[in-house]
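With the working numbering applied, the sequence shown corresponds to residues 692 to 907, in that order. Just below is one structure, and these are the notes that go with it.
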Amino acid sequence: MILQILIVIVFIATFIVNLYADRNSNLKLKVLTKPLLVPLIILFYLTSAVHINWFIVTALFFGFLGDVSLLGGSKKIFFAIGLLAFLVGHLFYTLAFLQSIQYFEVVPIWFFIALIPYILYGYAILRILSPNLKEMLVPVVIYMCVILMMSFTSTCRIWNGFTLQFLLPFIGSLFFIVSDSVLAYNSFNVPSENYETLIMFTYILAQVLIVVGFLY
């Protein structure tokens, strides 16, 4: 218990410093703190979970790779590597969610109703981004489909019970969508350092909520 408390304290302190670095465009502080955040979440999960879900650990690991890649600056190669790493991470989160879904012999009507908001959102965000995507159109479309699928699979877990085990990962998946949407808008439409704090805050909150949800 003491170890977990120490990890949380170090994590919160590092997170606050990282947000400060984002807010004030302090590249040195950002490079020092950002690569520590997800490893601290992994360490907390490994020391807290009764039964470790390695899909969760692997998803976090690829999130870490994505974080490090995006520190490479505005070069397209680093953005592409980061995009691929986050995409793989979302696939592993999807597998973790699929493990705990109650399946039906016949697809229920709620399944199709729950899909509608995701389809509408995906269409809307791509309409906004598409004029500036150019050669990145296909990768971004694939990525958007994967992250929306990840969130949708978290939605399907509601039939296991409306508990924190469902609710926290579901909310976390929505924060992932917010974070990645703002990141995409910031990268392709209106580049601005003002968005970086929001991107990082929602991204880390997403990771934390999903991980904590899987500790119940």
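Glycine included, every Cβ here is placed at the ideal spot set by N, Cα and C. None of the values given here were measured: they were computed from a predicted structure.
*Residue from 748, 771, 784 whose Cα sits closest to the Cα of residue 843*: Along the sequence shown, read from residue 1 onward, the residue named residue 843 stands at position 152. The candidate whose alpha carbon is nearest that of residue 843 is 784.
_Measuring CB atoms only, is the region 865 to 878 touching the region 811 to 831, in the sense that at least three cross pairs come out at less than 8 Å?_
yes
*Are there 16 or more other CB atoms within 10 angstroms of the CB of residue 714, so buried, or fewer, so exposed?*
Translated into positions along the sequence shown, residue 714 becomes position 23. Residue 714 should be labelled exposed.
*Hey, could you find the ends of the alpha helix (DSSP H) residue 842 is sitting in?*
To locate residue 842, count along the sequence shown from 1; it is residue 151. Here the alpha helix (DSSP H) through residue 842 covers 828 to 847.
*Unbroken alpha helix (DSSP H) runs of length 4 or more, entirely within the region 693 to 719: which are they?*
693 to 714
*Contiguous alpha helix (DSSP H) assignments of at least 4 residues, all confined to the region 846 to 897*: 855 to 879
*Return yes when the Cβ of residue 845 is within less than 8 Å of the Cβ of residue 861, no when it is not.*
Locating residue 861 in the sequence shown gives position 170, where the first residue counts as 1. Locating residue 845 in the sequence shown gives position 154, where the first residue counts as 1. For residue 861 and residue 845, yes; Cβs fall inside 8 Å.
*Do the CB positions of residue 898 and residue 851 come within less than 8 Å of each other?*
Within the sequence shown, residue 898 is the residue found at index 207, counting from 1. Within the sequence shown, residue 851 is the residue found at index 160, counting from 1. Cβ atoms of residue 898 and residue 851: not closer than 8 Å.
*Indicate the three-state DSSP secondary structure (helix, strand or coil) for residue 798 in the structure shown.*
In the sequence shown, the residue the question calls residue 798 occupies position 107. Coil, per DSSP.
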